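Down below is the structure, laid out as structure tokens.
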Amino acid sequence: MDKPKGKLIAIGGNEDKGSYPNPKHKKKYYLDFFELGILKRFLNEIPVSNPTIEVITTASLIPEEVGERYESAFGILGCENVNMMHIREEEDALKPEYLERIRKADGIMFSGGDQSRLTRIFGDTEFLQIVHDRYWNEDFVVAGTSAGAMAMSEVMIKGGSSTESLLRGSVKIGHGFGLINGVIIDSHFVIRGRFGRLMEAVVSHPKTVGIGLGEDTGVLITEGHMIETIGSNLVVIVDGYGVEYTNINDIEPGRPVAIAGMMMHVLAKGNVFNINSRAFYKDMQDVEKNELASESRS
């Protein structure tokens, strides 16, 4: 099976764009974004030394403010070639200047906001096709935070209350960008308690894997199926492959959903999960060790 040459970075939201030491404290106890930060990892994954970044603020209702934050954060990290795409309507996404900029960018970042805005404005456009082509055929990095992360998958959560989840029909599903298949991504996962929401979404789509992203936490997805946790918080994997029973197709809307045999994993920084084999690894070195062992057995 063909594998994409590019990489995806899906971020749960509220990513730490830069922490500063408190001059009153000599001990360096704070999260040093320059060492642990997600945006720095994003830049490090881009295979050029002085990359051109396009930040797409379409999902946000405050695009200028969001753009300024990213511009400042990337500036702190020494990245000066950062441009903003404040694309507000469908016709804006068709402008040749934006298409040319997407063709030339070394990496792109979709901001947070409303994921349905992203799919409404970019769905079935040449803009999105260029992103697809570059992701599959080039060492191209596509990042997204919150809504920008949720829109990456083919099956996308549009909305749904955490308190009403696991009542049939409480989770609203739509079509995302389709950059990755077989997964469903949810954001702000831990603080907003979206466990039930993602479980319902997964059990509604058999043989899928849910990725629940905590705040200031993300996943680096390589080869279309290897997930490495980055950031300071947790990633929850909801594995629907082993579900033995669910009543979701037999009950009326609003009735409680029963699930048997669903598996969950919790990943901290550096842990790795293989979507295809549903295998958990401590880190990338553990992945390489197991691959070598597998090759020697064959």
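Residue numbers for the sequence shown follow UniProt numbering, beginning at 1 and rising by one.
Glycine included, C-beta positions come from ideal geometry on N, C-alpha and C.
A quick note: this is a predicted structure, and the numbers were derived from the prediction, not measured.
Distance CB(residue i)-CB(residue j) smaller than 9 Å
i: Lys158; j: Gly178; result: no
i: Ile56; j: Gly148; result: yes
i: Ile53; j: Ala10; result: no
i: Ile108; j: Val141; result: yes
i: His188; j: Gly78; result: no
i: Phe74; j: Glu80; result: yes
i: Gly176; j: Met150; result: yes
Any chain B beta carbon closer than 9 Å to residue i
i: Ile259; result: This model lacks chain B altogether; it includes just one protein chain.
Three-state class that DSSP yields for residue i in the structure shown
i: Glu91; result: helix
i: Val55; result: strand
i: Thr246; result: strand
i: Gly148; result: helix
i: Glu65; result: helix
i: Ser232; result: coil
i: Lys172; result: strand
i: Thr217; result: strand
i: Asp186; result: strand
i: Asn274; result: strand
i: Thr222; result: strand
i: Pro96; result: helix
i: Met85; result: strand
i: Val203; result: helix
i: Asn22; result: A caution first: Asn22 carries a pLDDT of 43, below 50, which makes its placement in the model unreliable, though a value can still be read off. Residue state, collapsed to three classes: coil.
i: Lys289; result: helix
i: Lys158; result: strand
i: Gly254; result: coil
i: Tyr135; result: helix
Presumed contact (8 Å Cβ cut-off) between residue i and residue j, rounded CB distance
i: Met264; j: Val238; result: 6 Å
i: Arg103; j: Ile130; result: 6 Å
i: Leu118; j: Ala59; result: 5 Å
i: Ile121; j: Ala93; result: 5 Å
i: Val203; j: Thr246; result: 5 Å
i: Arg197; j: Ser165; result: 4 Å
i: Phe110; j: Gly67; result: Not really, about 12 Å apart at Cβ, beyond 8 Å.
i: Lys3; j: Glu252; result: Going by Cβ atoms, the distance from Lys3 to Glu252 rounds to 42 Å, so no, they are not a contact pair.
Residues near residue i in its chain [Cβ-Cβ closer than 6 Å; skip 5 each side]
i: His205; result: Val155
i: Glu71; result: Val82
i: residue 304; result: Since the first residue of the chain shown is 1 and the last is 298, residue 304 is not available in this structure.
i: Lys269; result: Thr229
i: Met199; result: Val238
i: Asn233; result: Gly214, Glu215, Asp216 and Thr217
i: Phe195; result: none
i: Arg41; result: Ile230
i: Gly193; result: Ser162
Cβ-based neighbour list, residue i, same chain, cut-off 7 Å, excluding 5 preceding and 5 following
i: Val235; result: Ile211, Gly212, Leu213, Gly214, Thr217, Val219, Thr229 and Leu267
i: Ser161; result: Ser170
i: Leu8; result: Val142, Met152, Leu179, Ile180 and Ile221
i: Lys5; result: Trp136, Asn137, Glu138 and Asp139
i: Asn274; result: His225 and Met226
i: Arg255; result: Leu167 and Arg168
i: Ala293; result: none
i: Asn50; result: Asn81
i: Ile46; result: Asp106, Gly107 and Val141
i: Val48; result: Asp106
i: Glu87; result: As written in the sequence, residue 87 is Ile, which differs from the Glu given in the question. Only Ile56, Thr58, Ala93, Tyr98 and Ile121 meet the Cβ criterion.
Beta-carbon contacts of residue i that lie in its chain and below 8 Å, excluding the five residues immediately before and after
i: Val272; result: Met226, Ile227, Glu228, Thr229, Phe280, Tyr281, Lys282, Asp283, Met284, Asp286 and Val287
i: residue 304; result: The first residue shown for the chain is 1 and the last is 298, placing residue 304 beyond what the model contains.
i: Leu99; result: Glu126, Phe127 and Ile130
i: Lys289; result: none
i: Asn249; result: none
i: Glu89; result: Ile121
**Prompt:** Are at least three pairs of beta-carbons, each pair with one atom in the region 161-169 and one in the region 100-114, less than 8 Å apart?
**Reply:** Verdict: no, contact absent.
**Request:** Assess, as a yes-or-no matter, whether the region 206-213 is touched by the region 182-198 under the definition of 3 or more beta carbon pairs within less than 8 Å.
**Result:** With a cut-off of 8 Å, the region 206-213 and the region 182-198 count as touching, because enough Cβ pairs lie within range.
**Message:** Counting beta carbon pairs with one atom in the region 226-240 and one in the region 260-274, are three or more of them shorter than 8 Å?
**Reply:** Touching, yes, given that three or more Cβ pairs across the two stretches are closer than 8 Å.
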